[in-house]
Every structure is written in structure tokens, then in C-alpha cells.
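All residue numbers for the sequence shown refer to our numbering, where the first residue is 493 and numbers rise by one.
Idealized CB from N, CA, C, for every residue including glycine.
Bear in mind that the values here come from a model prediction, so they are computed numbers and not experimental data.
One structure below.
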Amino acid sequence: MHDQSIRFDERVVVVTGAGGGLGRAHALAFGRRGAKVVVNDLGGSASGVGVDAAPAEKVVAEIKAGGGEAAANYDSVESGDKIVQCAMDIYGRVDVVVNNAGILRDVSFHKMTDDDWAMVLRVHLFGAYQVTRAAWPHMREQGYGRIVMTASGAGIYGNFGQANYSAAKLGLHGLAQTLAIEGSGKGIRVNTIAPLAASRLTEGIMPPHLLEALKPELVSPLVLWLSSEGCEATGKLIEVGGGWFAEVSWERSPGAGLGPKTSITPEMVRDNWTKITDFSAPTHPRSIIDTMTALGEHIAP
493 MHDQSIRFDE RVVVVTGAGG GLGRAHALAF GRRGAKVVVN DLGGSASGVG VDAAPAEKVV
553 AEIKAGGGEA AANYDSVESG DKIVQCAMDI YGRVDVVVNN AGILRDVSFH KMTDDDWAMV
613 LRVHLFGAYQ VTRAAWPHMR EQGYGRIVMT ASGAGIYGNF GQANYSAAKL GLHGLAQTLA
673 IEGSGKGIRV NTIAPLAASR LTEGIMPPHL LEALKPELVS PLVLWLSSEG CEATGKLIEV
733 GGGWFAEVSW ERSPGAGLGP KTSITPEMVR DNWTKITDFS APTHPRSIID TMTALGEHIA
793 P
């Protein structure tokens with residue numbers, strides 16, 4: 493057991509979408525543990541409309557009232573360079589980025605407009621890319637960084653009416669996995685969380701008794717651990733909610749090797765379908781090398 497508490501003294505933390513819900517809970521938690529927090533929130537509606545400085549300013553005031561240090565930022569995550577520049581201008585560095593900002597445009601796929609699709613992808617995926625891309629050179633240069641992406645069960649498993657959101661959320665995990673590889677030699681750790689929490693994005697979807705159990709504050713301890721100096725984990729995907737924490741990984745069936753023949757037919761795939769989809773003795777691949785290894789075993793001379 494560790495008896496040392498996790499602290500963020502002298503660390504600069506950027507939390508996007510921190511004016512309410514999960515982001516606010518994260519920002520307050522970082523502030524209580526000594527971080528200098530850049531509280532980013534455009535102040536738009538849940539569907540991404542409008543601008544309001546009040547949410548970010550309110551959270552900054554809360555952090556300061558608790559004896560912490562914080563600054564408000566109202567830039568859109570689509571201008572991620574401005575958010576990171578704000579951290580650099582005020583605090584001179586950036587150590588942690590928590591990509592949390594998001595919107596919802598829930599609608600069944602056959603009714604989805606190009607705008608519904610583009611807006612959600614722009615805020616979640618392009619926004620996280622922009623903020624992370626701006627912070628990345630600073631983290632590489634200082635040989636240290638912690639990045640947390642906020643995905644969702646909808647990204648992992650799919651969810652009716654959320655084709656745009658699901659695509660963006662699983663995209664964030666894909667981005668994180670590559671950044672985990674590229675950042676490993678530079679002291680940068682990148683992980684993804686898939687939280688279930690009560691927020692304005694979920695209040696119309698879940699029953700009140702469940703919302704009560706899914707306090708955003710119960711997700712923040714995971715974010716702080718993944719953002720801490722002592723955490724060397726990288727490339728992880730963790731589901732979290734209501735005080736429950738669990739890593740999710742890919743699972744693969746042993747498969748069927750039909751050989752690298754030019755004469756493989758659709759009928760051969762059909763006839764081996766049961767074997768291809770048999771998970772009675774699964775493996776748990778961790779990298780693309782595991783795929784190459786499995787493939788090599790089937791095509792070895």
C-alpha cells in the first residue's frame with residue numbers, strides 16, 4: 493500500500509468542458525490537490541449552441557474559494573491551440589490535459605443531418621485532437637505529460653440514436669492508443685475513460701435513482717490517478733461509474749486459418765463461421781504485433 497497522497501503541486505492541468513458535470517468535478521478535485529487548473533468551457537448548450545463565460549468563471553471561483561489556483565478559458569476546443577496557449581501564458585507549462593468537452597445531437601441514423609454528424613465529431617474528436625496536438629510539443633520537450641480522453645460506452649458498444657457520438661467516442665480511444673505508443677519514450681502517458689455519470693448530457697436519459705448513484709465526483713478519482721506522476725499505465729480503456737472501475741480490452745477468438753490460398757471461397761468462410769466466431773478459448777491481443785503473430789501462425793510454411 494502507498495501511504496503518500498497523490499498531489500499536483502506545480503503541475504498545470506487543462507480540463508475542457510469544465511463548466512459543469514464531469515469536467516467541473518475533475519477541475520475541483522485537481523484544485524484541491526494543488527494543481528494550477530485551466531478551466532475551459534465555451535459555455536454553450538448541451539447541443540453546442542451559444543457562448544457563456546459564467547460556467548467556467550463559477551468553477552474558477554469555487555477552486556479559489558477552496559484555496560486552489562485556477563484560470564478560466566472560454567475558447568472552443570476546436571481552437572485547442574488557444575486553450576493551451578492560455579495555460580502557457582498564465583502558468584508557463586502544461587502537464588495534464590483532460591479532454592472532456594462534448595455535446596449531444598442524438599437522433600436515429602436515418603434522420604441524422606450532416607450538421608448533426610459534423611458538430612459532434614468536431615467537438616469530441618477534432619476538439620480533443622486540437623487541444624492535444626497543441627499540448628504535445630510542450631510535453632515532449634519537458635519529457636512529461638498525462639492525457640486522459642473521455643470516451644463512452646456508446647463508443648464501445650454502440651447505442652441507438654448515437655451514431656455520431658459513438659463514432660467520435662471510439663475514435664478518441666483509437667487516437668489515445670496511438671498517442672500512448674508515440675508518447676511512451678517521452679514520458680507521456682495517454683489513457684481513455686468511459687464514464688457513466690449524471691450530467692446535463694444524461695439527465696434526460698436515466699431514471700432519477702440511477703442518476704443519484706452516478707455522481708460525477710465518483711469518476712474524478714480515476715482521472716486524477718491516471719493524471720498523476722505515479723501512474724505509468726498507458727493505452728488503457730477504463731469503464732467507470734458509481735464507484736465501479738473496470739478495464740476493458742479487446743477479445744479475439746482463436747479463429748480459423750484457411751491458408752493463404754488464392755482459391756478461398758465465400759463458402760469456405762461460411763463453413764468455418766462457427767469456428768471463426770467461437771469464443772470458448774479467447775485470446776486478449778494488446779497490440780498490432782499480436783495480430784501479426786496470430787496471422788503468421790496461420791500462414792507459416
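Kindly indicate which three-state DSSP category residue i falls into: helix, strand or coil?
i       : result
Lys-528 : strand
Trp-742 : coil
Glu-789 : helix
Phe-522 : helix
Ala-564 : strand
Thr-642 : strand
Asn-591 : strand
Thr-783 : helix
Gly-512 : coil
Gly-535 : coil
Thr-605 : coil
Gly-653 : coil
Gly-558 : coil
Gly-619 : helix
Val-506 : strand
Gly-841 : With the chain covering 493 to 793 only, the question about residue 841 has no answer from this structure.
Gly-635 : coil
Pick out whichever of the options has its Cα sitting closest to the Cα of residue i.
i       : options                               : result
Gly-802 : Glu-502, Gly-542, Val-543 and Ala-538 : Within the shown structure, residues of the chain are numbered from 493 to 793, placing residue 802 beyond reach of any answer.
Asn-683 : Ile-639, Lys-707, Pro-699 and Ala-689 : Ile-639
Ser-600 : Gly-650, Lys-528 and Trp-742          : Gly-650
Asp-598 : Val-588, Ser-658 and Thr-670          : Ser-658
Arg-632 : Tyr-621, Arg-681 and Val-615          : Arg-681
Ile-780 : Gly-666, Tyr-583, Trp-628 and Ile-582 : Gly-666
Val-612 : Ala-738, Lys-707 and Val-569          : Val-569
Leu-617 : Val-623, Leu-664 and Pro-708          : Leu-664
Gly-734 : Gln-654, Lys-550, Pro-687 and Val-551 : Pro-687
Ala-738 : Lys-728, Ala-610 and Arg-744          : Lys-728
Ala-627 : Val-505, Asp-544, Gly-513 and Ala-773 : Val-505
Thr-579 : Arg-614, Lys-528, Pro-629 and Gly-619 : The question names Thr, but residue 579 is Ala in the sequence shown. Here the closest residue by C-alpha is Lys-528.
Ser-539 : Arg-585, Val-531 and Ala-610          : Ala-610
His-790 : Ile-648, Met-760, Pro-752 and Glu-759 : Pro-752
Asp-533 : Gly-619, Ser-497, Gly-584 and Gln-496 : Gly-619
Phe-771 : Arg-778, Ala-564 and Arg-744          : Arg-744
Ser-644 : Leu-703, Glu-731, Thr-757 and Leu-710 : Glu-731
Glu-724 : Gly-679, Ala-545 and Leu-714          : Gly-679
How long is the line joining the alpha carbons of residue i and residue j, rounded to whole angstroms?
i       : j       : result
His-701 : Ser-537 : 25 Å
Thr-624 : Leu-706 : 28 Å
Ala-646 : Gly-653 : 10 Å
Gly-675 : Lys-661 : 21 Å
Ile-648 : Pro-699 : 22 Å
Gly-749 : Leu-671 : 32 Å
Arg-525 : Gly-594 : 25 Å
Arg-499 : Ala-773 : 42 Å
Gly-747 : Gly-584 : 52 Å
Gln-622 : Gln-669 : 17 Å
Val-541 : Gly-535 : 9 Å
Ala-548 : Val-531 : 6 Å
Val-589 : Asp-763 : 49 Å
Pro-708 : Leu-787 : 43 Å
Val-615 : Asp-581 : 24 Å
Ser-741 : Thr-754 : 33 Å
Thr-642 : Leu-514 : 10 Å
Ile-685 : Thr-766 : 33 Å
Met-760 : Ala-510 : 53 Å
Ala-689 : Asn-592 : 13 Å
Leu-703 : Trp-736 : 14 Å
Pro-777 : Val-507 : 31 Å
Asp-587 : Leu-596 : 29 Å
Ala-563 : Ala-546 : 13 Å
Pairing CB atoms from the region 714-729 with CB atoms from the region 506-523, are three or more of them under 8 Å?
yes
Just list the beta strand (DSSP E) runs in the region 666-715, keeping only unbroken ones of 3 residues or longer that don't cross its boundaries, in chain order.
Counting only runs of 3 or more, we get 680-687.
Using 8 Å as the cut-off, can you tell me whether the region 556-564 makes contact with the region 603-615, which would need three or more C-beta pairs spanning the two stretches below that distance?
By the criterion of at least three beta-carbon pairs nearer than 8 Å, the region 556-564 is not in contact with the region 603-615.
Quick check for students: name the residue ranges of the beta strand (DSSP E) that lie wholly in the region 720-773, counting only runs of 3 or more.
Correct list: 729-733 and 736-739.
How do the region 545-555 and the region 568-582 stand: do at least 3 beta-carbon pairs fall below 8 Å, yes or no?
The answer is no - the region 568-582 does not touch the region 545-555, with fewer than three Cβ pairs under 8 Å.
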